[in-house]
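Residue numbers for the sequence shown follow my numbering, so the first one is 61 and each next one is one higher. Every residue, glycine too, gets a C-beta built ideally from N, C-alpha and C. Every value quoted in this text rests on a predicted model; they were computed, and no experiment measured them.
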Amino acid sequence: MFALGQLQLKSNLFLSPLAGYTNLPFRLTIRELGGLDLATTDLVNARSLLEKNHKAFKLIETNAQDRPLAVQLFGSVPEEMRDASLFLESLGVSSIDINMGCPVRKVCRVGGGSAMMTELDKTAALVKGMVDAVKIPVTAKMRLGWDDDNLTAPDLARALEGVGVAAVFIHGRTREQGSSGTVNLEGIRKVVEAVKIPVIGNGDVTTPQGAKLMITHTGCAGVSIGRGAFYNPWIFTHTSHYLESGELLPEPSFEERIRVLRLHFDRMIQVFGEDLGCRMFRKIAPWYSKRFGPANLFNKRIVTCSSRAEFEEILSDYLVWRRQFLDENGELRETYRPLPLVSAFMEPAVAARTAIPVPKGPVEVW
Ligand SMILES: Cc1cc2nc3c(=O)[nH]c(=O)nc-3n(C[C@H](O)[C@H](O)[C@H](O)COP(=O)(O)O)c2cc1C
């Protein structure tokens, strides 16, 4: 059990917002595998929501199975952030997260995202307006600070606690770091020590052991996982099992990966239609295939896939092609098996070789 203000959650593991990816099909697919309770949408512009912009509405598309749901808002105009929060509350959203970590110029230029970390009083006043207006919990997602000389997160977290924020999500990097360099666990610990509200650690958690290490090293109350969920949509159920029992579950079989890939693909088509769903899935499928073993044929063809029929054809051709790498029991021969995943901050030497790639998306740098 995890208390986010008045909201009781069944898990202290969270899905990080990933613009372009954390849409309804992805959230439903991960929820079904277990271990996750509160999931978050991509960042949504508060003003676009109030203007009933079609794209903003698509970003908050949800259904009864997609609960509890947080919507992440960005913006810098207090009245817009407050009114967008009221609107989301009226739709039945479970909580609202405020984006204070986005380093993208377009977002910072208008005073949103990471820029909010540089003006504590102004930010606290904006957040107070939201917290006072709604009954549902309001949370904030931030980085450690703008750069190494301005590690403002502990002060900002304290200021936000003072105006009633229910929890803070902290990505253990600065704005200047973008997605590179190692996550700074000490930096996360300083935020934990600065406040009494729950602090949820984030950054480079790709394994259950990584989640546990982040919790024990920083004292954070939970962990939020982004890219690790691309590689391994089972990470929430495996991590929750590991945190409770100390037992590591085996990686899912290839057949299970294909089953979930198909489910995810079907949902993309249901939600976005065949044409757009296929186009969007072109950048999702290669994440699944990173754990397939040899997948050149699949990767080459999936990036032009434009229909359900073509998807099935690619998959069946790939299954035949992949047989050459299997042993007599139908298992991938050892030399072709993907290396085990390691959370980057656990073994820096491995991290240098295998830093988590940043997927292409509507944002250039995160
Ligand atoms: C493609 C992409 C999109 C992202 N979109 C968002 C976003 O919309 N809002 C946000 O707060 N963070 C966003 N992030 C940052 C992630 O939520 C997370 O903080 C970061 O990736 C580190 O966690 P991870 O290593 O578990 O992925 C994004 C990151 C990536 C790679």
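Asked                                                                                                                       : Found
With 16 other Cβ atoms within 10 Å as the buried cut-off, status of PHE332                                                  : buried
Given 8 Å, three or more beta-carbon pairs between the region 276–289 and the region 310–321                                : no
Local conformation of LYS201 per DSSP, three classes                                                                        : strand
Chain-order list of residues whose beta-carbon lies under 7 Å from that of PRO85 (same chain, five-residue window excluded) : HIS324, ARG327, MET328, VAL331
PRO77 Cβ short of 7 Å to ligand 1 heavy atom set                                                                            : yes
Cβ-based neighbour list, PRO214, same chain, cut-off 7 Å, excluding 5 preceding and 5 following                             : LYS250, VAL251, ALA254
Under the three-state DSSP convention, the category VAL265 falls into                                                       : coil
Candidates PRO128, LEU220, GLY152, of which the one nearest ARG87 by Cα                                                     : PRO128
CA-to-CA distance, ARG361 to MET176, given in whole angstroms                                                               : 42 Å
Length at least 4, wholly inside the region 88–141: the alpha helix (DSSP H) runs in chain order                            : 106–110, 114–119
Straight-line gap, ALA79 to GLY353 (C-alpha atoms, nearest Å)                                                               : 27 Å
Residues sharing a beta bridge with GLY282, DSSP                                                                            : ILE260
Near ligand 1: GLY390 beta-carbon under 7 Å from a heavy atom                                                               : no
Enclosing beta strand (DSSP E) for ALA227 [first to last residue]                                                           : 227–234
6 Å CB neighbourhood of GLN66 in its chain, flanking five on each side removed                                              : none
Residues near ALA226 by beta carbon distance below 6 Å, same chain, minus five either side                                  : LEU64, GLY65, PRO197, THR199
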